[in-house]
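Peer 1:
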Amino acid sequence: MKFVRFFVFFLIFALWISASHSHVTAAEQTRNIQLSKGSVKGEITLKPAAKLKVAYITFDDGPSRYTSQILDILKKKQVKASFFAVEPNIRAYRTSMNRVNREGHYIGLHSVSHSVKKLYRGSPKNVALEMEATRKTLQSVVKVNHYLVRVPYGSKPYMTKAYRDWLVRYHFKMWDWTIDSNDWRYKTSQYGTIIRNVKNAVPSVERQNKPIIILMHERPQTVRALPQIIDYLKSRGYVLVPYNPKQHVVSNFWNDGRL
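Numbers given in this note's numbering equal positions in the sequence shown, counted from 1, plus 32.
1) Just the Cα atoms here: how many angstroms apart are P95 and V144?
2) Quick one: what does DSSP say Q279 is sitting in, helix, strand or coil?
3) In the structure shown, what three-state DSSP assignment does G269 receive?
4) Hey, how far is the Cα of P156 from the Cα of N121?
5) With a threshold of 8 Å, are at least 3 pairs of Cβ atoms found where one atom belongs to the region 196 to 206 and the other to the region 154 to 169?
6) What residue does the alpha helix (DSSP H) around A233 start on, and which one ends it?
7) Under three-state DSSP, which class holds W207?
8) Ignoring anything shorter than 4 residues, give me the alpha helix (DSSP H) runs that lie fully in the region 134 to 213, in order along the chain.
9) Could you tell me which of H203, K188, N158, I227 sits nearest to Q260, measuring between CA atoms?
10) Near Q253, what residues of its chain come up, given a Cβ to Cβ distance below 7 Å and the 5 sequence neighbours on each side ignored?
11) For P114, report the span of its beta strand (DSSP E) as first-last.
12) What is the rounded straight-line gap between the Cα of S213 and the Cα of N284?
13) In this structure, does DSSP put D263 in helix, strand or coil?
Below is the structure:
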């Protein structure tokens, strides 16, 4: 009798376990299906973030009496830029140069003489020597040690391999530009042409998959054009940033990967 009771109890227990297992399995299957659906949805909605669209606005020949106005605009628009400084101007406009650095912009090197004859008509070492002198002055005045250079008038045709080899020996990097605003050509009243130059050039550079590096100068017409240029770049989804040596982008007319 005890054996019968035990057998009946065991049978009932086994049936209960089986039913419970079936229920759990079904529940798990349902959950798995739901998770699977959720995963599919996740794959649709959680795509990798789109690559950040970055643009670089650069100013040559400063610092100058216009630097503070340019900085005011950049601050108001909450964007950053890069300034390629000439050595005598670093000494002459120390306050402006320090403000450029203090407000988070990058300061590059743009030679001492800014002279074709002195830079490119003598020893191939001359460019590197002028950039080194500019670097040392910047280090003394602003307490930063920067190695990005932009040679006056662009690297072509002047910066042949012999000149570039010397830059490499001095550990410099070299930037040209992908968009020339040609701002220096125009009067202050013609600043609208500068804006159009940039707007017309951006789509072409985008199609070539090149970085947006805009050449401008510290001129009154540039000050007038700058706010609208910034607004235009923002409208196309660009974030305006300063040069970052830790994320160096090769951009020189010779396509020299060393620089």
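The beta-carbon is built from N, C-alpha and C at its ideal position, and this holds for glycine as well.
Peer 2: So, from the data block:
1) By 1-based counting over the sequence shown, the position of residue 95 is 63. By 1-based counting over the sequence shown, the position of residue 144 is 112. Going from the Cα of P95 to the Cα of V144 covers about 13 Å.
2) Locating residue 279 in the sequence shown gives position 247, where the first residue counts as 1. The DSSP-derived three-state label of Q279 is helix.
3) Stepping through the sequence shown from its first residue, residue 269 is reached at position 237. Three-state result, G269: coil.
4) Taking the sequence shown and counting its residues from 1, the one referred to as residue 156 is at position 124. Taking the sequence shown and counting its residues from 1, the one referred to as residue 121 is at position 89. Approximately 24 Å, taken between the alpha carbons.
5) yes
6) If you number the sequence shown from 1, residue 233 lands on position 201. First-last of the alpha helix (DSSP H) with A233: 223 to 239.
7) Stepping through the sequence shown from its first residue, residue 207 is reached at position 175. W207: strand per DSSP, three-state reduction.
8) 148 to 152, 158 to 174, 193 to 201
9) Position 228 of the sequence shown, counting from 1, holds the residue named residue 260. Comparing alpha-carbon positions, the option among H203, K188, N158, I227 lying closest to Q260 turns out to be I227.
10) Indexing the sequence shown from 1 puts residue 253 at position 221. Counting only Cβ-Cβ distances below 7 Å, and skipping sequence neighbours, we find D215, Y218, K219, T220, Q222, Y223, I226.
11) Sequence index remark: in the sequence shown, residue 114 carries index 82 (1-based). For clarity, residue 114 is Ser in the given sequence; the question names Pro instead. Counting along the chain, the beta strand (DSSP E) containing S114 begins and ends at 114 to 117.
12) Along the sequence shown, one-based indexing puts residue 213 at 181. Along the sequence shown, one-based indexing puts residue 284 at 252. One C-alpha to the other measures close to 17 Å.
13) Along the sequence shown, read from residue 1 onward, the residue named residue 263 stands at position 231. It is helical.
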